[in-house]
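Notes follow the structure.
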Amino acid sequence: MRIGTNPAKENNKMILNSYHRIIVPVFIPNLEEDYFKDSFDILKINLESILLTIHDKTRVSIYNNGSCKIVSDYLNALFSTEDKVDQYLISKVNIGKINAIYSIVKSNLEPLFTITDADVFFKSGWQQEVEKVFENFPKAGIVSPVPFSTMFKSNFGNLNYWEAFVRSKLKVIEVPNPEGLRHFEESIGRKMFKETHYKQFISLVHKNGQAVLGSGHFVCTVRTQIFRKGPNFPTQFKMGGKVMTDYIDKPNNDAGFLRLATVSNGAYHMGNRIESWMLEEIKELKKATDISKPINERINFNVKPYSIVAKWLSSVFYKLFLRTSFGKRLFLKYVGIKDPDY
């Protein structure tokens, strides 16, 4: 039998003390296989860099996706001692990256979610730069702290061009940190960019705000509205580009939002091997006790997305000027890119 009334019923509305949540899915099943032998050390650098760079209105969720005991013990200890890590979910089996992400999104109320692989190093100021893009471009749905020169061609960034014609303008800018692009290529072990891509970005400019067209999704910040447009059922696949397309890329496009990146390089992909630069970077980050981590109170979290008409016109523009070689040449000439190989 029940005696009395549950005290929680008297004040059952949740109080939100944060507006930005970081989601880190972790899958390190063992430390014996060659692929995973450095993964634990990489993970520790990843989480340390997050905790050293986020502002006070941020919380961290970790999803332990079937990791081994030594990793699980570390994550459990971190959850017990670190206030900013306020959510720790555990699965004994690997349910996949996107299922882990969605399980966290569906159980939290923050309007911004940064989803990141467990092998990303976050630099000081990354969060402020990302949030500044959301402030300056209110209809941004996805913003990455890692800009790529080639993402302007993505068909999941169509609405960037509508934004360019009705509110902002396109501008070619110099790549401020070409080494960031080369670093990413090295970290994944394959060539992604031509020489021309190290020199220029195609950006959106509005007043004092600037952002690079397109973004990847190994690390990106996503509006909560995007997930509402995603599938209402879990995926059967643990990982892969098609999964991210269906659950992140397409929902952003369908929702009517932009896909952008910061101009500066705010994070590095580390890969699965410890290198000396990582140890040096985290050492410097720990020494910088005076890091400024201001909160952005000017972001519009209830912005109205672009309309169906805007989405259709953007799609037509994309097919005419970015899917055909002739149209692409005209587009590059229009924005000021002289190299036809761009």
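Position 252, counted from 1, in the sequence shown is what numbering that gives the first Met the number 0 calls 251; the numbers after and before it change by one each time, with no gaps.
Ideal Cβ placement from N, Cα and C applies to all residues, glycine included.
For residue 96, the secondary structure class from DSSP, reduced to helix, strand or coil, is helix.
In this structure the region 224 to 234 does not touch the region 114 to 125; the number of beta carbon pairs closer than 8 Å is below three.
Cβ contact annotation for residue 182 (same chain, cutoff 7 Å, sequence separation greater than five): 267, in chain order. Within the same chain, 95, 96, 97, 234, 236 come within 8 Å of residue 242 by CB-CB distance, once the 5 residues on both sides are set aside.
Annotated as distal: residue 305 and residue 160, with beta-carbon spacing of 8 Å or more. Going by DSSP, residue 187 is part of the alpha helix (DSSP H) stretching over 177 to 187. Between the C-alpha atoms of residue 326 and residue 319 there is a straight-line separation of about 6 Å.
Shown here for residue 171: same chain residues with a beta carbon closer than 8 Å to its own, the five before and five after excluded, namely 199, 200, 201, 202, 334, 335, 336 in chain order.
Of the candidates 328, 207, 157, 291, 157 places its Cα closest to the Cα of residue 251.
Cβ contact annotation for residue 107 (same chain, cutoff 6 Å, sequence separation greater than five): 20, in chain order. Comparing C-alpha distances from residue 52 to each of 16, 292, 143 shows the shortest one belongs to 292. Assignment of beta-bridge partners to residue 196 by DSSP yields no partner. With respect to the C-alpha of residue 128, the residue from 78, 260, 221 having the closest C-alpha is 260. Residues 201, 212, 213 of the same chain have their beta carbon placed closer than 7 Å to that of residue 151, with the five preceding and five following residues left out of the count.
Inter-residue distance for residue 66 and residue 27 is about 5 Å (C-alpha atoms, whole angstroms). In the displayed model, residue 129 falls within a helix according to three-state DSSP. One alpha carbon belongs to residue 134, the other to residue 196, and they sit about 27 Å apart. Taking C-beta atoms as the reference points, residue 221 and residue 330 fail to come closer than 8 Å. Under DSSP, residue 88 takes part in a beta bridge, and its partners are 62. Here residue 173 carries a strand assignment [DSSP, helix/strand/coil]. By the criterion of at least three beta-carbon pairs nearer than 8 Å, the region 80 to 92 is in contact with the region 54 to 71. Scanning 210, 189, 186 for the CA closest to the CA of residue 143 turns up 210. Assignment of beta-bridge partners to residue 168 by DSSP yields 204. Looking at 322, 271, 285, 297, the one whose alpha-carbon comes closest to that of residue 34 is 271. Around the beta carbon of residue 146, a 10 Å sphere encloses 16 or more other beta carbons of the protein chains shown; the residue is thus reported as buried. By the criterion of a C-beta distance shorter than 7 Å, residue 205 is surrounded in its chain by 135, 136, 166, 167, once the five residues flanking it on both sides are discounted.
The Cβ atoms of residue 257 and residue 131 do not sit closer than 8 Å to each other.
About 5 Å separates the beta carbon of residue 88 from that of residue 62, a gap short enough to meet the 8 Å contact definition. In this structure, the straight-line span from the alpha carbon of residue 17 to that of residue 299 is close to 15 Å.
DSSP, read as helix, strand or coil, puts residue 302 in coil.
By the beta-carbon neighbour count (other beta carbons within 10 angstroms, threshold 16), residue 0 is exposed. Across the set 101, 44, 64, 48, the C-alpha of 101 shows the shortest separation from the C-alpha of residue 232.
The C-alpha of residue 76 is placed about 23 Å away from the C-alpha of residue 104.
For residue 20, the uninterrupted beta strand (DSSP E) run begins and ends at 19 to 25, by DSSP. For the 8 Å CB-CB criterion, residue 72 and residue 273 do not form a contact.
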